[in-house]
Amino acid sequence: MLLRHTTDKIIDRSALTINPAKTCQPIGAMYAALGVHGCLPHSHGSQGCCSYHRSMLTRHFKEPVMAATSSFTEGASVFGGQANMLQAVTTIFSTYEPDIIAAHTTCLSETIGDDLTQMAKKARDEGKIPAGRHMIGTATPSYVGSHITGYANQLTSFVNYFAETTGEKSKKLNILAGWCEPSDMREIKRLAKLMGVEINLLPDTSDVLDTPMTGKYRMYPKGGTTIPEMVSMGDAKKTIGLGHWCTRGAAVALENKCKVSFVIEDLPFGLKATDRFIQALSKYGIAKIPTEITDERGRLVDMITDMHQYLHGKRVALWGDPDEIIPIAEFLVDIDMKPVYIVSGTPGKHFMERMENIMTVKCPEAKYKNGERADLFLLHQWIKQQGVDLLIGNTHGKFIARDENTPLVRVGFPIIDRVGHSYFPLVGYTGAIRLVEKMLDAILDKTDATCPEEKLELVM
Amino acid sequence: MPQEVQSNVRTIPGIISQRGCTYAGCKGVVLGPTRDILNLVHGPVGCSYYAWLTRRNQTKPESETDVNFMMYCLTSDMQDENIVLGGEKKLSQAIREAYEIFKPHAIGLFATCPVGLIGDDIHAVARKMEAELGINIFGFSCEGYRGVSQSAGHHIANNKVFTDVVGLNDTPDEGKFRINMLGEYNIGGDAFEIEALLEEMGITLTASFSGNSSVYGMEKAHTVDLNLVMCHRSINYIAEMMEKKYGIPWIKVNFIGAEATAKSLIKIAEYFEDAELISKTKAICERELKKVKVALEEVKPITNGKLAMMFVGGSRAHHYQELFNEMGMDTVAAGYEFGHRDDYEGRQVLPDIKVDADSRNIEELVVEKDPRLYDQSKQDFKKKKEAEGYLFEHYEGMMPDMKKNSLVIDDLSHYEAEVLIEQLKPAVFCAGIKEKYVIQKMGIPMKQLHSYDYEALMLHLAEL
Chain A
1 MLLRHTTDKI IDRSALTINP AKTCQPIGAM YAALGVHGCL PHSHGSQGCC
51 SYHRSMLTRH FKEPVMAATS SFTEGASVFG GQANMLQAVT TIFSTYEPDI
101 IAAHTTCLSE TIGDDLTQMA KKARDEGKIP AGRHMIGTAT PSYVGSHITG
151 YANQLTSFVN YFAETTGEKS KKLNILAGWC EPSDMREIKR LAKLMGVEIN
201 LLPDTSDVLD TPMTGKYRMY PKGGTTIPEM VSMGDAKKTI GLGHWCTRGA
251 AVALENKCKV SFVIEDLPFG LKATDRFIQA LSKYGIAKIP TEITDERGRL
301 VDMITDMHQY LHGKRVALWG DPDEIIPIAE FLVDIDMKPV YIVSGTPGKH
351 FMERMENIMT VKCPEAKYKN GERADLFLLH QWIKQQGVDL LIGNTHGKFI
401 ARDENTPLVR VGFPIIDRVG HSYFPLVGYT GAIRLVEKML DAILDKTDAT
451 CPEEKLELVM
Chain B
1 MPQEVQSNVR TIPGIISQRG CTYAGCKGVV LGPTRDILNL VHGPVGCSYY
51 AWLTRRNQTK PESETDVNFM MYCLTSDMQD ENIVLGGEKK LSQAIREAYE
101 IFKPHAIGLF ATCPVGLIGD DIHAVARKME AELGINIFGF SCEGYRGVSQ
151 SAGHHIANNK VFTDVVGLND TPDEGKFRIN MLGEYNIGGD AFEIEALLEE
201 MGITLTASFS GNSSVYGMEK AHTVDLNLVM CHRSINYIAE MMEKKYGIPW
251 IKVNFIGAEA TAKSLIKIAE YFEDAELISK TKAICERELK KVKVALEEVK
301 PITNGKLAMM FVGGSRAHHY QELFNEMGMD TVAAGYEFGH RDDYEGRQVL
351 PDIKVDADSR NIEELVVEKD PRLYDQSKQD FKKKKEAEGY LFEHYEGMMP
401 DMKKNSLVID DLSHYEAEVL IEQLKPAVFC AGIKEKYVIQ KMGIPMKQLH
451 SYDYEALMLH LAEL
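Residue numbers (this note's numbering), protein chains in the order written: chain A, 1 to 460; chain B, 1 to 464.
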C-alpha cells in the first residue's frame, strides 16, 4: 500500500489539509495569460513560484511554458518589490519582446501590499513600456480561493484593460472559456464555426500549448487571443461565460465597462451542458443548429444506449475543479452512473447548491464537499468506507487507484503521467463520446483482467 | 591566478531563469526524500502542492507496514484571515491533527514566504507542540525569498537536520565498515543501485541524506567511520559539521558514470585498509565494468565525438560529464543553476569567497567538538592517510575538467540557451523540465538530469 496511513476512520479536521484537490492562484493566472497571443506571464514574487508554476504546466502540456519572475530577495520583501518589477519590465521588453506582460502577484507580494496596477502606471510614466506594448497587473493572493480564482482574476484583468466600446455593436459573441485544455478550446471554436457564429474566445490556448514540432522554437506561438480581439469584446452583442468560477468575474467586468450583457453556462462537458451551450450559441448568435452537430449528439446518445449496461449503477469518485466536475457529475447521473464521492478544493457556496440539484433525485447517497480540507485524503477515506468502481480526476489519484485496485480516468489538471488531453477534447458531444469511451475502457479492461476465467466473454 | 567564476549571485529580475527558491531547496531537495519524517508546510496551499512527489525521489520502506509518508502532501493551507491575524494557531492545530492521524516519530515544519513576513514563529510552535505531543518537531525558516536560489534552502535544511536530528541515538549499526551517504537523493532509483553495490562490498550504510532515507538512520549518523559526499553543493555543510563535532572525515564521491563509480567504490574500500574488502570491491568493479563495456561498444559508434551541453543543479552538471566522457562525448558548455564558486573552482577558494547580503541571512552554525562523542582516533587516522596521499574533503570543482575553448555559464538564462544551441548545435542538451520542450522544439535531443526521463535518446530527431 502506498497510502498506507489512510484509514476509514475520519477525524474532524479544522486546520490540516492532506493531499489537496486544488493549488494556488498564480498558476491559474499564468495559464490564462498563456492563452493570449504575444503575452508573457510574469510572477511578482520569489523565483520559486514562477519555477513551480512553469514546471507544473510544462509537465501537464509537455510543451514550453515561458514566464518571467521578479526574483524577490529578502531586501525586496522588506522594502517592497517595485524596484524589482520595474527592472523586470525593462529586462523583459528588451530581451523577450512580448506584446504584453501579464504580471500577477503572489502571497509574498500581496502580504507586503505591492500594487501592480500602480507599478504598471509608473512603468508607463517612466517610459519603460515601449509604444504599442502593454503591462497588466493582476492581484492573485495565493491564500484566497484556488488556482481557479487566479485564472478568473487574470481574465477579468484582460477584459478590464483591453475591451473598448466603439458605440457600434458587432455581430460577434464573446466566449469566455473556463479552465480547460487547448483541445477543448479548439473544439469550442469548431462548434461555433459549424454554427456560423463569429466569436471572440478568451483565453485560447490552442496553438500555444499544443504546437507542432518544426525544428524552430517560437517563444510566442501563433495561437492565443489577439489584442484586437480583446479590444473588440467591448462591442460584442453578448458574452457567454463557460464556468461560473472561471468566467463570471470577467463577464461582469465586461458588462460594467462596455455594457455587454452576459449569460453563464457550464463548460460543455457531457450531454446536457453541451445542449445548453449549443442552445446559447443558437439563441444569442441567432443561428440554426446544423445537422453536423445534431448528428454528433445523436452518435453520443447512440453510444450511451449501446453500452448503458456497463455504466449504470457504477460508483464513481470524482475530484477536480468545480466548473469541470459539476457538468461531469451531471453527465454521470444522466447516464445512470453514481458519482458517490466528489471533492473540489476550490471554495464557493454555489458548488453545494449545484451538486444538491444534480444528486437529490438520482444519487441521493452522494457525499460531496468543496473548499478547505475537501481533499483527496478525505475522498480516499470515503472510498475506504465503501469502495467505488471508477475514479475520475487528475494524476494525483493514481496512488488511490493502485491501492484500491480501482481504475482511474484522467480528467482535469494536472495530468502529468499521460498524454492526449491537449489533443483530444472532452467538451462537446464528441468530447463526451471520448469520455464515455475512456470510462468504458477503464471499467471493461479491469473486468477482463480480473474476472474469473469462465466469465471472460469475447463479446461485450 | 585563475579567473573567478561569478556564481551564487542574484538573478536579474525579469530574466527567465532555471532557478527556484529557498523553500524548494529545503523541502523538495533535502527533506522531501525521507519517508518517515512527516513534512508539514506552513503557508498557502501551493508550496506544499508543487513539492508533492514532483522530484521523482523513490523510496522503499523495509516492509509492507513500515512507515511511509512520501505520498502525503500536508499543508496548513493558510487563508487570508491567517495572514491578517497570524497563522500560529492554525499551524498548532494542524500539527495536532497530523499527529492524531499519522502518529509520526518526527515532524518537520516548513515556512513559506508569508510566514516570515507576518512574523509567525514556527520554532516556538515546534517547541510548544514537541512538549505537548512528546515527539521530535523542528522548523525550517526556509521562506522562498531568503537566498538567490534553492541553494540557501539546502544550507538551512543541513543546519536544522544537524542540530535537531543527528546525534539523537548513539547506538551504532552493526558492521565493520560504517558510512553515511550524503547528497544522493535517489532520483529515479539511483540510490538503490549504489546501496546494492555497497551491500555486496560489505559496507554498512547507516544514514542517507537523503534518498531512500529514514530519520532513524539520521539520528545515529554520527556513529559512522566515514561520510561520502555525492552532491557537494547541497550537503557539504553537514559533512563539515559532522567532522567538526564528531571527528568523522569525509570524502567526495561520484556515482555517475561507470569509471567514476568504480573509482569511488575503490576509494571507499581503500579508506578502511582491509585487504579482503579491497579485493572484493575490485572484483565487483571488474565484473560490472565488463557489462558496461558491452553496452559502451554498442553506443559508442553513435555517441563518439558528439557534443553535449549540461546546465543543472550544483553538482550534476559536473558529475554527468564523467558519464558523457566514457561515451566519447565532449561537454562543450556547462554550468550550474545554483552552484557556488567552490563548485566551479574547487574548495581551495572557500576562504576567499566573500559573504554577501544574500548569504548573510542564512545562519552559519558555530560547531564545536562534542566533549563526549568526538572521536580523535578518526582524525588521527585521517592524518596518517593524508600523509600517504589519500584525499579527504577534496573537490576541485568543474573547471579543471572543462576543455580549452569550452564555455562555462552560471545560472543560464533562456535566451543564452537559445543562442548556445543555434551556434554550437549540440547532439544533446541536458537541463531540467522547464527547458526540456523548448530545446526539443528546436530539434535538439534533450535529457533531464534531475527528474530523469530515463533511457533512449532520439538522436535521429532531425531526420523525422
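Heads up, the beta-carbon is just placed ideally off N, CA and C, and yes, glycines get one too.
When only Cα atoms are considered, Lys447/B and Thr239/A end up about 45 Å apart. Residue pairing by DSSP places Gln448/B opposite Ala431/B in a beta bridge.
The shortest C-alpha to C-alpha distance from Ala295/B to any of Gly189/B, Gly346/B, Ala456/B and Pro351/B is the one to Ala456/B. Taking a Cβ-Cβ cut-off of 7 Å, the neighbours of Ala98/B in chain A comprise Leu16, given in sequence order.
Within chain B, the residues Gly14 have their CB atoms less than 7 Å from the CB of Ile92/A, given in chain order. In the structure shown, Thr305/A falls within a helical segment according to DSSP collapsed to helix, strand and coil. Chain-ordered, the chain B residues with CB closer than 8 Å to the CB of Val144/A read Gln79 and Asp80. Neighbours of Phe102/B in chain A, taken as residues at a C-beta separation under 7 Å, are given in chain order as His5. Taking all protein chains in view, the Cβ of Tyr429/A is crowded by 16 or more other Cβ atoms within 10 Å, so the residue is classified as buried. Secondary structure note for Trp245/A: its alpha helix (DSSP H) is the uninterrupted segment His244 to Cys258.
Contact with chain B is found for Phe72/A, since one of that chain's Cβ atoms lies less than 7 Å from the residue's Cβ.
Counted as a single uninterrupted DSSP element, the beta strand (DSSP E) harbouring Met181/B occupies residues Phe177 to Leu182. With respect to the 7 Å criterion, Met56/A and Met219/A are not classified as neighbours on the basis of their beta carbons.
Among the CB atoms of chain B, none fall inside 7 Å of the CB of Pro221/A. The C-alpha of Val144/A lies about 51 Å from the C-alpha of Phe392/B. Contact note: Asn361/B reaches chain A through Glu74, using a C-beta cutoff of 7 Å and chain order.
Among the residues of chain A, those whose CB is under 9 Å from the CB of Thr75/B are Leu16, Thr17, Ile18 and Pro20, following chain order. Contact annotation: in the segment 371–394 of chain A, residues whose CB is within less than 8 Å of a CB in chain B are Glu372, Arg373 and Phe377.
Note on geometry: alpha-carbon atoms of Lys62/A and Pro172/B lie some 47 Å from one another. A check of alpha carbon separations from Pro414/A across Met185/A, His396/A and Glu404/A identifies His396/A as the nearest. Residue burial is scored here from C-beta neighbours: Thr305/A has fewer than 16 other C-beta atoms within 10 angstroms and is therefore classed as exposed. Taking Gly139/B as the centre and dropping the five residues before and after it, the same chain places the C-beta of Leu109, Ile122, His123 and Ala126 closer than 6 Å to its C-beta, in chain order. The DSSP-derived three-state label of Ala67/A is coil.
In the DSSP assignment, Leu173/A falls within the beta strand (DSSP E) that extends over Leu173 to Ala177. Beta-bridge partners assigned by DSSP to Trp382/A: none are found.
Contact between the segment 273–280 of chain B and the segment 313–322 of chain B is absent: fewer than three C-beta pairs spanning the two stretches fall below 8 Å. Following the DSSP letters along the chain, one finds Pro327/A inside the alpha helix (DSSP H) bounded by residues Pro322 to Asp334. Neighbourhood of Ala88/A in chain B, by CB distance below 9 Å: Ile12, Pro13, Gly14 and Ile15, in chain order.
A residue is called buried once 16 or more other Cβ atoms fall within 10 Å of its Cβ, and Asn405/A, having fewer, is exposed.
Annotation note: the segment 279–339 of chain B contains the following uninterrupted beta strand (DSSP E) runs of length 3 or greater, listed N- to C-terminal: 307–311 and 330–335. Note that the segment 127–138 of chain B does not touch the segment 2–9 of chain B; fewer than 3 beta-carbon pairs, one per stretch, sit closer than 8 Å.
In the displayed model, Thr11/B falls within coil according to three-state DSSP, outside both helix and strand. Spatial neighbours of Lys128/B in its own chain (CB-CB distance under 8 Å, excluding positions within 5 residues in sequence) are listed in chain order as Ser92. Per the DSSP secondary-structure output, Phe72/A pairs with nothing in a beta bridge.
Collapsing the DSSP output to three states places Leu228/B in a strand. The C-alpha of Tyr185/B lies about 7 Å from the C-alpha of Pro33/B.
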